[in-house]
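Let me begin by presenting the structure, written as structure tokens, before commenting on it.
Protein chains: 4
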Amino acid sequence: MPKSLLTIADYRKAARKILPRMAWDYFRSGADAQTLLKRNRAGWDAMELRPRVLVDVSNIDTSTTVLGLNLPFPALIAPMAYQKLAHKDGEIALARAAAASDVPYIVSTMATTGLEEIAKVPGPKWFQLYCHKDRAITQDLVQRAEAAGYTALVVTVDAPVLGRRIADERNSFELPKGMTRANLDRYSLSSVEGKTSRKAVLSPRPSTLKAMEGSHLSELFRTRQDASLNWRDIAWLRSLTDLPILLKGVLRADDATRASDAGCAGVIVSNHGGRQCDAALSTARALPEIAAAVGGKLAVLVDGAIEWGTDILRALALGADAVLIGRPMLWGLAVGGEQGVRDVLDLYRSDFVRAMQLCGCANVGTCTELAGG
Amino acid sequence: MPKSLLTIADYRKAARKILPRMAWDYFRSGADAQTLLKRNRAGWDAMELRPRVLVDVSNIDTSTTVLGLNLPFPALIAPMAYQKLAHKDGEIALARAAAASDVPYIVSTMATTGLEEIAKVPGPKWFQLYCHKDRAITQDLVQRAEAAGYTALVVTVDAPVLGRRIADERNSFELPKGMTRANLDRYSLSSVEGKTSRKAVLSPRPSTLKAMEGSHLSELFRTRQDASLNWRDIAWLRSLTDLPILLKGVLRADDATRASDAGCAGVIVSNHGGRQCDAALSTARALPEIAAAVGGKLAVLVDGAIEWGTDILRALALGADAVLIGRPMLWGLAVGGEQGVRDVLDLYRSDFVRAMQLCGCANVGTCTELAGG
Amino acid sequence: MPKSLLTIADYRKAARKILPRMAWDYFRSGADAQTLLKRNRAGWDAMELRPRVLVDVSNIDTSTTVLGLNLPFPALIAPMAYQKLAHKDGEIALARAAAASDVPYIVSTMATTGLEEIAKVPGPKWFQLYCHKDRAITQDLVQRAEAAGYTALVVTVDAPVLGRRIADERNSFELPKGMTRANLDRYSLSSVEGKTSRKAVLSPRPSTLKAMEGSHLSELFRTRQDASLNWRDIAWLRSLTDLPILLKGVLRADDATRASDAGCAGVIVSNHGGRQCDAALSTARALPEIAAAVGGKLAVLVDGAIEWGTDILRALALGADAVLIGRPMLWGLAVGGEQGVRDVLDLYRSDFVRAMQLCGCANVGTCTELAGG
Amino acid sequence: MPKSLLTIADYRKAARKILPRMAWDYFRSGADAQTLLKRNRAGWDAMELRPRVLVDVSNIDTSTTVLGLNLPFPALIAPMAYQKLAHKDGEIALARAAAASDVPYIVSTMATTGLEEIAKVPGPKWFQLYCHKDRAITQDLVQRAEAAGYTALVVTVDAPVLGRRIADERNSFELPKGMTRANLDRYSLSSVEGKTSRKAVLSPRPSTLKAMEGSHLSELFRTRQDASLNWRDIAWLRSLTDLPILLKGVLRADDATRASDAGCAGVIVSNHGGRQCDAALSTARALPEIAAAVGGKLAVLVDGAIEWGTDILRALALGADAVLIGRPMLWGLAVGGEQGVRDVLDLYRSDFVRAMQLCGCANVGTCTELAGG
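Chains as they are written, first to last, in our numbering: chain R, 2 to 374; chain G, 2 to 374; chain X, 2 to 374; chain B, 2 to 374.
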């Protein structure tokens, strides 16, 4: 790692210089007034740790287990769309770096590389699912993911519609020529029609739904994603597959409890990196009550502005089993392709090791003692 | 809507460039040190929403009912003086845009267009009443409003005297030549003398009342508006008309309860957009206890720095039935006349739709579940 | 009042331009890191008022009574040293402006005009007393004040030693040639020796007392003011005079209770305008518990960053009987001599009138209802 | 003291100009994002004192006793590495200034002057111990310190590994040629081998421990310091010496209680000046609960951003027996060698005297009454 790239902030600044404006804005933006970007960060900063002293930390164990998966340290790579926007090697680079680090990689439905191609890269992988209006497409995606060896489904539940990112609208964001939503392009409306009786009917916009149409992504969402997604669909998804299902975007204890009742394997406490509802509460504030409600029964993961090893520790102290790391993966990818991602993962891991040692935690099970006050 | 006008902030900046300094300052200023402008905004920002997931929001119902009026979404246009200062079409443009959107428009006593002329534009309208020292004028205004088809009276109760806006004093604010307080100009002191035994006596200023006389508006208030307005006057107003009466400017639960006892139909939780008492509490902080005291019995509306769809949601979550939108209507008016106002109303509506969807609210009755914590 | 001088901030800025650096710094500075200057202001800003509506405020009574003194509005002029530094007319100008406004003027021991000369200006006056090591001087000052017609003694108790004002040290602050501490210059050490058996012995500095000696004021304090001042001295002062005694600089409820037990007539909740202990609590925060402890029994006054009429209202709502206005008097004095002070007093008064009206207070007795929440 | 050097901030600014970048960065930096540097300071600022009035403070007693040591005022000089980086006279200058002021000086294991040479300077001294992997070195250090006349051992317990200081990594921090860790240089691995059966085996880095290797200090720590340090080692240290043992770096009440159970004489509430775990809680926040748990039984000291006499008072009010002053000693050293340190100590002492007087504390035992609220 060069001397100029010592922190996540360094990578972010370097990526900003490298990336085209449209890509930088797409990755970096929060929704609306972007207050949640700051509140997510402030949520962690406000949580002070209480280090324990005189614990032997000469040989600590940073590993943990989430849904049967062994993690070298309590972090996974968050699903993120359009990774080729960050670097030509896109998802493949990320998958290889993840594999080299044994860090699970959650592949996005909106990947710019096909899930089957990504799956050829070894290493643990989960598949993030956007539920399509056309249930045949949804079903096909699930079955493809299972067939390709993905070991869990992460169903995004905080995006019945797309949050509004003003910069994308100003930029008229769209994918550059030659870049495609590789998982979806096979689904022309006709190509799936034969497989299901549920037609891909684009319902007319209700008159009260004159949504902003500034970006292509928004348009895509409106026409394809399913705003009717509800608990019955979760039951239907469970009927399709034996893969464990995690719900991503849960911010309420009652929803987490319902996820448990619905047979889900986990919840990801998330506000979509501040990209959906800008008024939503920060993940650091949502986490404790959700962990109190379902911790132990479900896997409880959390994301949003995790930038330091101490942030992972804070998340564990507040009841999470592990964190998801999102944008910083893209900064590493933009800066150095696969090696950049490896470097960023190393940075997190070594930073987490140091954080555990400095807080007197010999294994992740003891991290919960650091909260309080 | 052009790409440069995507948010209320965009409209505000554009309006600032378009408007003469005197008009901009008049519309934008808060009272005294203008701390409440910021605190009103901070009040909403501090209120974090708890979105619910996996609710079918493909066809949501944003409509609600306030005092028998069907609203397409829970917002009305706040009464604001001197709308011709923002655009030559003034109140008529606003009324037409409101009608096109089915959004109720609350016409100000201080309109620069006569209430009868405004009433010719179709669409739901309420009349905002400043109570004059000369009760004959007051009575005449009420009867004219009723005759013209206004369906409710909004009595402003937070302005026994005018708040001090320093910029107006520096600008020696006055209406430009040719612009008049159209509702009031017919009332020369003599013209109404015959109708009532209560003389329009201008009481001498008490020695302790050497108010700043920087602006003409201040002078007008001091000579014409009635600082003696009290609960007996509300009873008198009720005796004049069958129109439902809402009190605008209520910030205390006990006053709201008294409004209920006095037979009012609603209260508008308001600090006059920060233009009266700069030390008053923010509306987001006043709202919950007022809703707890009279919600369900009275219509509870709220205004003050509502800039995003999520702010409307926050207001509902804190117990309001609907919000009033004020200054942003003027920014739209300044930027594009009637079309500008329509665009801003569309912006709010679509933003509110998205906010409801992102928070898992299929109808406005469920929005109260988003508060807490 | 010219258009450029509409607020206290305007006067402050104008005074800064007019005053020599040494005088500006002396008046404006707080102690040490000057955090308390900001916290005093923040203390009021954090206190939100709950205006009451529909109260007849057409003829309000802003007057109140403090220790038998009728005040046109609940404010007195705080004692401040060296007023000729602000304007050549110094204390006389302030006294005349105070008299014209019927506002009591508290004359400082450190006046640059003799207390007898100031007393010739009509109007209510109190005398602020710094207790000297030489009790004969102290006794003489008390007797002179009583003889000259001052109606109360304000004993400063927060200055056993002088707070440290860094700017004064940098400036090597001293009074300009020809300006004297007029009340004290007659007391050469020999001149008072005959009157008392208590010798004016300057005790040697303890070795732990190597105080900064950057300013002449600091030196003066160290040699003349009495760091041994204690409750027995208050008893002694009471034995010297029938004048009511107020203690200025009280920040604790137990000290206020003790003042009551000691026969004092009042306390002034003050941290010396942030000029003594920079870590002390703000007056807005100290006031409520002191008012709860002795309010009703003792006169409870408060000072510190009172800049608006609403601040006076906040002080009353938190339990004060009246406020002291300090530095803004000097800004008025610097800007316009006697007329400048009158203008500033008018500004406060009219601002307070408006504040009461906007909060629905017809008399000062009802202001306590505005707190809460 | 020149007029330009009146506050600790003045010394800091002057030192920054004098010191080479590498030295300034080394001394000044906090860990990671350096939030704790600010939070340590904010912790004191948030604690408002409640001064007591009318206490005779003409002859106050600022002295106190800590572990049998008489302190002229409740402060000791914190252990700090590499003091020759600040000034060529390094530790000797600091020791002489400390002796002249009777302030105890805690000598660092990482001194650039040998502990025996420092011990020749008269005056009370404690020795700060980093526990080495090679216990023979550790034992030797303890015995040398005892032999040289140090009267207590301060065992650093918050540094099982080194915190990450980004600036040091960017600077590739290392000691300048000719400057050595004088206490350690005698310990070549072979030189101590004969004395103990515990070999100085450098354990291979675990694969999860790819720590940043940006600075030589970091490397030194990793290879020599003992990350296995635990409570058994404290028992072993006690068996080696009769010197009282204080643990430096305690932030939890349970750890403080355990220190008491382990026979320690005191704890130093510290987060290593923000240089180890950036997410740790501030010392002002950790102090009260630790004082509540072990105050009276153990000596409770505290450090971190103590810059004013009022900060010492705040620490006492929150339950500390005394404070440690760190970086400001180095600013004095950089600016003026021994005399610079004397001046800074005088500044603290006189500032503390004034603070006590302004708060009505005649002796340090009464300072606890200033908290509350």
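Here a beta-carbon is modelled for each residue, glycine too, at the ideal position from N, C-alpha and C.
Every value quoted in this text rests on a predicted model; they were computed, and no experiment measured them.
Exposed or buried, what is residue 341 of chain B when buried is set at 16 or more other beta-carbons lying within 10 Å of its beta-carbon?
Buried: at least 16 other Cβ atoms inside 10 Å.
Using a Cβ cut-off of 8 Å (strictly closer), state whether residue 241 of chain X contacts chain B.
Closer than 8 Å: no.
Apply the 10 Å Cβ neighbour rule to residue 202 of chain R and answer buried if 16 or more other Cβ atoms are within range, or exposed otherwise.
Confidence in residue 202 of chain R is poor, its pLDDT being 33 and thus under 50, which makes the residue's placement too unreliable to answer from.
Can residue 283 of chain R and residue 43 of chain R be called in contact, C-beta distance under 8 Å?
In contact: residue 283 of chain R and residue 43 of chain R (Cβ atoms closer than 8 Å).
Can you tell me where the beta strand (DSSP E) holding residue 326 of chain G begins and where it ends?
323 to 326 is the extent of the beta strand (DSSP E) around residue 326 of chain G.
Rounding to the nearest angstrom, what Cα-Cα distance links residue 219 of chain X and residue 118 of chain B in this structure?
Between residue 219 of chain X and residue 118 of chain B, the C-alpha separation is close to 42 Å.
Determine the extent of the beta strand (DSSP E) in which residue 35 of chain R is found, giving its start and end residues.
Segment: none, residue 35 of chain R is in no beta strand (DSSP E) and carries neither H nor E.
Just reading off the beta strand (DSSP E) that residue 267 of chain B is part of, what are its end residues?
Segment 267 to 270, the beta strand (DSSP E) holding residue 267 of chain B.
Rounded to whole angstroms, what's the CA-CA distance from residue 365 of chain B to residue 60 of chain B? Just pull it up for me.
About 13 Å.
Thinking C-alpha only, which one of B:177, B:151, B:353 is nearest residue 70 of chain B?
When each option's Cα is compared against that of residue 70 of chain B, the closest is B:151.
Beta-carbon of residue 66 of chain B versus every beta-carbon of chain R: anything under 8 Å?
With 8 Å as the cut-off, residue 66 of chain B does not count as an interface residue toward chain R.
For residue 202 of chain B, decide whether its Cβ has a neighbour in chain R, counting only Cβ atoms nearer than 8 Å.
For residue 202 of chain B, the pLDDT reaches just 33, beneath the cut-off of 50, and the residue's location in the model is therefore unreliable, leaving the point undetermined.
For residue 308 of chain R, which option in B:280, B:285, B:293 has the closest C-alpha, if you only look at C-alpha atoms?
It is B:280 whose Cα lies nearest to the Cα of residue 308 of chain R.
List, in order along the chain, the chain B residues whose C-beta lies closer than 7 Å to that of residue 277 of chain X?
In chain order: 359.
List, in order along the chain, the chain X residues whose C-beta lies closer than 8 Å to that of residue 50 of chain B?
The answer, in chain order, is 278, 280, 281, 282.
Residues of the segment 226 to 238 of chain B in Cβ contact with chain R at a cutoff of 8 Å, in chain order, please.
Taking 8 Å as the Cβ-Cβ cut-off against chain R, the residues of the segment 226 to 238 of chain B that qualify are 227, 228, 229, 230, 231, 232, 234, 235.
Rounded to the nearest angstrom, how far is the Cβ of residue 376 of chain B from that of residue 296 of chain B, given a contact under 8 Å?
With chain B covering 2 to 374 only, the question about residue 376 of chain B has no answer from this structure.
Could you give the distance in angstroms between the alpha-carbon of residue 48 of chain G and the alpha-carbon of residue 372 of chain G?
Whole-angstrom Cα-Cα distance: 8 Å.
Whose Cβ in chain X lies nearer than 8 Å to the Cβ of residue 251 of chain G?
Per Cβ cutoff of 8 Å: 54.
Going straight from the alpha carbon of residue 188 of chain G to that of residue 328 of chain G, what length do you get?
Between residue 188 of chain G and residue 328 of chain G, the C-alpha separation is close to 28 Å.
Listing by chain order, which chain G residues have their CB less than 8 Å from the CB of residue 158 of chain R?
Ordered by position in chain G, the residues that pass the 8 Å Cβ test against residue 158 of chain R are 54, 55.
Can you give me the C-alpha to C-alpha distance between residue 129 of chain X and residue 139 of chain X, rounded to a whole angstrom?
Taking the straight line joining both Cα atoms gives about 11 Å.
Can you tell me whether residue 22 of chain B is buried or exposed, with buried defined as 16 or more other CB within 10 angstroms of its CB?
Counting Cβ neighbours within 10 Å, residue 22 of chain B comes out exposed, since fewer than 16 surround it.
Look at the Cβ atom of residue 176 of chain X, then the Cβ atom of residue 83 of chain X, and state whether they are nearer than 8 Å.
Yes, these two residues count as a Cβ contact at 8 Å.
Write down every uninterrupted run of the alpha helix (DSSP H) in the segment 29 to 79 of chain R whose length is 4 residues or greater and which is fully enclosed by it, in chain order.
With a minimum length of 4 residues, the continuous alpha helix (DSSP H) runs that stay inside the segment 29 to 79 of chain R are 36 to 46.
For the segment 309 to 323 of chain R, enumerate the residues whose C-beta is nearer than 9 Å to any C-beta of chain B, in chain order.
Listed in sequence order: 309, 310, 311, 312, 314, 315.
Counting only C-beta atoms, is residue 161 of chain B closer than 8 Å to chain R at any point?
Cβ-Cβ to chain R under 8 Å: yes for residue 161 of chain B.
For residue 10 of chain G, I'd like the list of residues in its chain whose CB is within less than 8 Å of its CB, leaving aside the five on either flank, ordered along the chain.
Cβ within range, chain order: 308.
Taking any Cβ of chain B, which residues in the segment 4 to 33 of chain R have a Cβ under 7 Å from it, in chain order?
So the list reads 4, 7, 8, given in the order they occur along the chain.
Please tell me whether residue 285 of chain B has its Cβ less than 8 Å away from any Cβ of chain X.
No, residue 285 of chain B lies away from the interface with chain X (no Cβ there is under 8 Å from its Cβ).
Output yes if chain X places a C-beta closer than 8 Å to the C-beta of residue 247 of chain G; else output no.
No - not a single Cβ of chain X is within 8 Å of the one on residue 247 of chain G.
Closer than 8 Å by beta-carbon distance: list the chain X residues that pair up with residue 36 of chain G, in chain order.
The answer, in chain order, is 46.
Starting from the beta carbon of residue 256 of chain B, find every residue of chain R whose beta carbon is closer than 7 Å, and list them in chain order.
Near residue 256 of chain B (Cβ distances below 7 Å), the residues of chain R are 53, 54.
Which residue comes first and which comes last in the beta strand (DSSP E) that contains residue 311 of chain B?
From DSSP, residue 311 of chain B is part of no beta strand (DSSP E) but of the alpha helix (DSSP H) over 310 to 318.
Does residue 58 of chain B get closer than 8 Å to chain X when you measure Cβ to Cβ?
Interface residue, yes.
Report the option in B:86, B:155, B:337 whose CA atom is closest to the CA atom of residue 97 of chain B.
Among B:86, B:155, B:337, the Cα nearest to that of residue 97 of chain B is on B:337.
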